[in-house]
Amino acid sequence: MRHSKSKNRLNRFTSWRKATILSMARNLVIYQRIRTTKAKAKAVRPVIEKLIHLAKKNTLTAKRAAFKILNDHRLVSTLFSEIGPRFAKRTSGYSRILSLGRRRGDDAELVLFELTEIKKPEAKKAKKSKVSKEPQEGLKADTSGQAKEHTQQEDSGKQKTEIATKEKPPISKQPSKKFLGGLRKIFKKERDSL
1450 MRHSKSKNRL NRFTSWRKAT ILSMARNLVI YQRIRTTKAK AKAVRPVIEK LIHLAKKNTL
1510 TAKRAAFKIL NDHRLVSTLF SEIGPRFAKR TSGYSRILSL GRRRGDDAEL VLFELTEIKK
1570 PEAKKAKKSK VSKEPQEGLK ADTSGQAKEH TQQEDSGKQK TEIATKEKPP ISKQPSKKFL
1630 GGLRKIFKKE RDSL
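In terms of this note's numbering, the sequence shown opens at residue 1450 and continues consecutively.
Set out below in structure tokens:
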């Protein structure tokens, strides 16, 4: 009888269960949000809480304790440099479990297991289009040869870029294949016709 056994066994023997939990803890440090089952998320939550608590201390002893769990120096450095300072004002509640529904195959309850304060990825800035630089009025008034040559070089550069953009070949649309067109190729091979 399993009286007063609080650990969730996850239907694994001890070493396999420990490996699963530590692997999920590493993945949460890397990606900060993972999709898993509710039982696994509940099993990993104490490990993550402990790691973030160690990261808030930011001592050599805490780093060594975190390395015992994560077994990777890069993960320890990201934990202590990025994740730890983010949770400096919190005393607990470093992770959350959000329900996603049930898995179709085995009806397991799926959850989104994430850190409560996630670093938002910076949106890539779109390249600014080159605005045609008109010669300033001061340059027009200047009659020196250098200014005229400079504007002529700019004009020739503009013309080359305009020509390059206009010369793109038109995209040709291929006719859509019939429904059975692709299947016939699979089932009828040259070697089969012998």
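For each residue, glycine too, the CB sits at the ideal point set by N, CA and C.
By how many angstroms is the C-alpha of residue j removed from the C-alpha of residue i?
i, j, result
"residue 1464", "residue 1574", "46 Å"
"residue 1530", "residue 1554", "40 Å"
"residue 1528", "residue 1479", "9 Å"
"residue 1493", "residue 1458", "12 Å"
"residue 1495", "residue 1544", "10 Å"
"residue 1451", "residue 1552", "28 Å"
"residue 1568", "residue 1520", "23 Å"
"residue 1570", "residue 1506", "26 Å"
"residue 1572", "residue 1460", "42 Å"
State yes or no: is the C-beta of residue i within less than 9 Å of the C-beta of residue j?
i, j, result
"residue 1557", "residue 1514", "no"
"residue 1525", "residue 1536", "no"
"residue 1564", "residue 1482", "yes"
"residue 1542", "residue 1504", "no"
"residue 1523", "residue 1566", "no"
"residue 1511", "residue 1560", "no"
Buried or exposed: residue i, going by 16 or more other Cβ atoms within 10 Å of its Cβ?
i, result
"residue 1462", "exposed"
"residue 1468", "exposed"
"residue 1455", "exposed"
"residue 1453", "exposed"
"residue 1473", "buried"
"residue 1643", "Bear in mind that a pLDDT of 46 at residue 1643, under 50, signals an unreliable position, so the number given afterwards is only what the model happens to contain. By the neighbour-count rule (16 or more Cβ atoms within 10 Å), residue 1643 is not buried but exposed."
Would you grab the beta carbon distance between residue i and residue j for me? Rounded to a whole angstrom, and I think it's under 8 Å.
i, j, result
"residue 1562", "residue 1485", "6 Å"
"residue 1518", "residue 1477", "The pair is not a contact, with the Cβ atoms about 12 Å apart (cut-off 8 Å)."
Would the beta-carbon of residue i be found less than 8 Å away from any heavy atom of the ligand FMN?
i, result
"residue 1486", "Judged by which ligands are present, the structure shown has none, so any question about the ligand FMN falls away."
For the pair the segment 1545–1555 and the segment 1497–1505, tell me if three or more CB-CB distances fall below 8 Å. Verdict: no, contact absent.
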